[in-house]
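Working notes, beginning with the structure itself.
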Amino acid sequence: MKLRLLLCLVFLVNLQSKAQEYFPKNDGVKNPQTNHTVFKNAKIHVSPQEIIENGSFVVKDGKITAIGKSVSEPANSIVIDLQGKEVYPSFIDLYSSFGIKEPKEVEGGNGQPQYEASREGYYWNDHIRPETEAIAAFNYDEKAASSLHKAGFSVVNTHVPDGIIRGTGMLVALNPESTEGDRILKDRSAQYLSLDKSKLSRQAYPTSTMGAMALIRQTYLDAEWYGKGKSENKDLALEALNRNKNLTQIFATDNLLDALRAGKIGKEFNVGYVILGDGKEYQRLQEIKETGSTFIVPLNFPDAYDVEDPFMAEHVTLEEMKIWNQAPANLKMLAEKNIPFTITTHDLDVEKDFRNNLLKAVKYGLSKEDALAALTTTPAKILGEENRLGTLKEGAWANFIITSGDYFDKETSIYENWIQGKKAVINEMQTTDITGTYNLKVDGKDYELKITGKPEAPKASVKSGDTKLGAKLSFSSNWMNLLLSSADTTKIGFTRLVAKTDENIDEISGTAYLSDGSETSFSAVKKSSTEITETTEEEEENGDKEDENIREIMPVSFPNKAYGFSEMPKEEIILFKNATVWTNEEEGIIENTDVLVKDGKISRIGKNLKAGNARVIDATGKHLTSGIIDEHSHIAASAINEAGHNSTAEVSMEDVVDPTDMNIYRNLAGGVTTVQLLHGSANPIGGRSAILRLKWGENAEDLIFENSPKFIKFALGENVKQSNWGSRSRFPQTRMGVEQVFTDYFTRAREYEEARKTDKDFRKDLEMETLVEILNSERFVSAHSYVQSEINMLMKVAENFDFRINTFTHILEGYKVADKMKEHGAGGSTFSDWWAYKYEVNDAIPFNAPIMHSQGIVTAINSDDAEMSRRLNQEAAKSVKYGGVSEEDAWKFVTLNPAKLLHIDDRVGSIKTGKDADLVLWSDNPLSIYAKAEKTLIQGKVFFDIEKDKKLREEIQQQRSTLITQMLQAKNKGLKTQPVTKKEEQHIDCNLLEEIH
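To convert, note that position 738 of the sequence shown is 1089 in the numbering used here; the numbers rise steadily by one, no gaps.
Dropping the structure here:
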């Protein structure tokens, strides 16, 4: 009885271990494949770390059933001898849109924006599409599959590349002979995200990177809330998002800063993104590592610029030149930093560029083991498929490539790419290698025949003495056909040579068909190495073109462009001696005074201070001030406006800080140390501000003023009612409507605050949370304003809701309402002398700042302009002329007063013991047009030094000279170049709607 049960159990196990065929067959009898295929005598790369020399493996039903140094050959086996060949696991592309038709952009709207979603039963924003499934849009693409086969790929993770949350991808085997049922390895392999909107909807929001980031955050919060069953309506998108949350999360980005922004969101919500990068990760390796993400890296190395014309060469920036120079070393640097990465064919001509660029990366220091891991084991592990893909082991899919040698040798040919045990032939494996130099005899005449190139695609050149003949060689299935033109250039005639080659490649013989129609024999005997004495110019040219010399890689600077630092400034102990010190305190301006900087703070102020181990700077005849503070700035940003809604309090400028903006360095050269990066004026309630220290070379997070007060941008006037934008579909369209927007939103915010007190599972709304902070005086308002009627209106609205407007910025009619501003408690940050640049500023006067100041209002001069901001010292001086303001008070307009408006005057804005050492040493009175900022310090670190600036300029010229020479050499070698295009610098102000480039 026990034996019978045991036999039954064994039978059931065997039955279950075999895949059962359940499809009917009506076109003949079933003929199941029962053969094994044995591959033997190969050098097998089992994984990046394990190699079996002269090994064998067995394939059955698309899987590897045995592998090792010696394996037994099952009965009814097909044996393939791979003597002299190498076998690798074939590759996996983690980021692909293979087999997916690119969505087409929807049209309509008659030029008017669409503000509401176009779908019902889904999320309120059309660009959130987690319910999208790649499998519903998939069609196997034989042509694209063939290109991928040739590059060595067997599996792709494909998806619909559309939307911010894009839905699920699918894992597909590029099996050339099977059906979708066999090819689809996973129908839900990963969830994809990006910062790009869907082409399938015209919905306006979001219009910016910061809007996309805010939308992702709100969607995550809503999905969590929805999962608790609190919603009264059905939301298929949020249900899909919750279903997908345990999948691999792949975040596609277009640039380095966006990659770091994706990492930031991932940390906030504890989501481990796999991030598609842009190949410039080497520029911020430490920050890349700190994301904790695996990166998917494209091999899209840029071509050299055509810089033969020295005038056009001036339009290529040092940054662009360095990217061309450094890009091939990116993967090496990632590997050295132990940052996990995979390699993708994304954004490449797979057949033409993938392998060439991969080999170039290896040439520039990427180890072959790391390259292979990035194409096999790493992507397999990310997808949870490490037991089936990426390695050659028992039970894994039989996905492998057979090569003539080392895959990472440019002379190596890929013969076959096997996928799930099915063969895709790339090149004939039994091709005879006929390359070499031969003595050719045809019809009694002697020639020299040189055959170069890869065995499967040889090229020929033929010479008769010093005369070169036209020659065209075709080679297929070991048959050679060589077409020769006549040596006599006065005659038109061709000789055709046809021969079947064999393993004896020392001699080729066959039939010659002469130009007169007769036939004869020919022979070609290969020369020995000692007989080959010289190389033709053509071969030298071809050799140079193929063998690009490894160029010197320029060091990475911070940022990686002109004026970038090779080393970041360090905190110093500095003693300024005998300066004229503008304290902005009770002491006023004091002459022949010393200031000691230590530990990033102003340590001592006085006469005849001792230096100790401090660096002494002789400031005799010079002026030392606190750093300039710009209350209204738009520098150092990747976006200015989120224009998709009339209120965007959920977005933050901190999300779009661009630490590489050259205007940071230019502002330092003008003595500016701190700015308030404001949202634009596209809507009444704009986005949250970012207060920045201009620490050139630091990353975006380190620019943000530590523990800074919370601010937000409001706006009034022409911009918010869209007077000049042609929009007729968004409320408000009038100044009356602007008031109602504020009233409506703050009423809703009060209701929101009350409701959340009574429900612990209340839906968290990022926009309402921000507005509640304003109502509770936890966030300050900077309001873009011009016309007195609207200034009065906004103060009344604020008073009705029991909060105050902190700052009216621009405020060009402030002089008309200065008494009311004083009573309300508002400050004013204005232009010095801008007027008549649009209708609502017709009443602006240059006496505005002095009049507000005279009424006791905290008054500042701001820029709203990248060019003006680096001359704010001169802007402040205009108040001395217009209104007779004292020099000390005028200087406070750009230092202490904006610090007070930003509530950071306890740390910056004046020279006082214990405050941060944000200082500027001027060559002259800082209000003078002749004054130059010689040194600019932030927290005791020198971020601008006029003498170092001179050295940086010399370094820039040296680097440009080196890089231009490298590019000229590349062109002379016949390498592809790209044309130089002149680029205009983008003007950035409150009105800018597009992304900054």
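Where is the CB? At the ideal position from N, CA and C, for every residue including glycine.
Query	Result
Residue nearest to residue 717 in terms of C-alpha spacing, selected from 759, 676, 736	759
Where residue 1085 falls, given that 16 or more other Cβ within 10 Å makes a residue buried	exposed
Same chain, Cβ closer than 8 Å to residue 893, five either side skipped, listed in chain order	Confidence at residue 893 is low in this model, with a pLDDT of 45, below 50, so the placement of that residue should be treated as unreliable; the coordinate-derived value is given next. These residues qualify, in order along the chain: 803.
Contacting residues, own chain, Cβ-Cβ under 6 Å from residue 598 (five flanking each side not counted)	541, 542
Where residue 779 sits in the DSSP three-state scheme	coil
9 Å Cβ cutoff met for residue 296 and residue 846	Only positions 352 to 1348 of the chain appear in this structure, which leaves residue 296 out of reach.
Nonlocal neighbours in the same chain, by C-beta distance under 7 Å from residue 1315, ignoring five residues either side	658, 664
Nearest to residue 493 (by Cα), restricted to the options 534, 515, 463	534
CB contact flag (residue 472, residue 579, <9 Å)	no
Euclidean distance between Cα positions of residue 939 and residue 1239	7 Å
Inter-residue CB distance, residue 1270 and residue 1288 (contact presumed, cutoff 8 Å)	5 Å
Euclidean distance between Cα positions of residue 1329 and residue 1187	44 Å
Rounded straight-line distance, which links the Cα of residue 571 to that of residue 631	29 Å
Buried or exposed by the 16-neighbour rule on C-beta atoms within 10 Å, applied to residue 1311	buried
Ranges of the beta strand (DSSP E) found wholly within the segment 1253-1299, counting only runs of at least 3	1270-1273, 1284-1289, 1292-1296
Neighbourhood of residue 1331 by C-beta distance below 8 Å, restricted to the same chain and skipping five residues each side	656, 657, 658, 660, 663, 664, 666, 667
Contact belief for residue 1068 with residue 1136 at Cβ below 8 Å, rounded distance in angstroms	7 Å
Contacting residues, own chain, Cβ-Cβ under 7 Å from residue 1296 (five flanking each side not counted)	1286
Close-in-space but distant-in-sequence residues of the same chain around residue 1132 (CB under 7 Å, 5 per side omitted)	1063, 1065, 1125, 1156, 1157
CA-to-CA distance, residue 1228 to residue 1025, given in whole angstroms	19 Å
Every unbroken beta strand (DSSP E) inside the segment 456-544 [3 residues or more]	504-509, 516-519, 521-524, 535-537
Residue 768 versus residue 761: straight-line alpha-carbon distance, rounded	18 Å
Residues bridged to residue 916 (per DSSP)	909
First and last residue of the uninterrupted alpha helix (DSSP H) at residue 1014	1013-1020
Assigned exposure category for residue 1116 - 16 Cβ within 10 Å defines buried	buried
Secondary structure of residue 400, DSSP reduced to three states	coil
Alpha carbon of residue 825 to alpha carbon of residue 779, nearest angstrom	14 Å
Simplified DSSP assignment, three categories, for residue 423	coil
Outcome for residue 1121 when other beta-carbon atoms lying within 10 angstroms are tallied against a minimum of 16	buried
DSSP state of residue 1030 mapped onto helix, strand, coil	coil
Buried versus exposed call for residue 966 [16 or more other C-beta atoms within 10 Å across all chains shown]	exposed
Helix, strand or coil at residue 759 [DSSP, three-state]	coil
Alpha-carbon to alpha-carbon, residue 753 and residue 405	14 Å
Reduced DSSP category for residue 962 - H, G, I as helix; E, B as strand; rest coil	coil
Alpha-carbon to alpha-carbon, residue 559 and residue 640	26 Å
Beta-carbon proximity check, residue 327 vs residue 710, cutoff 9 Å	In the structure as shown, the chain begins at 352 and stops at 1348. Residue 327 is therefore absent and cannot be evaluated.
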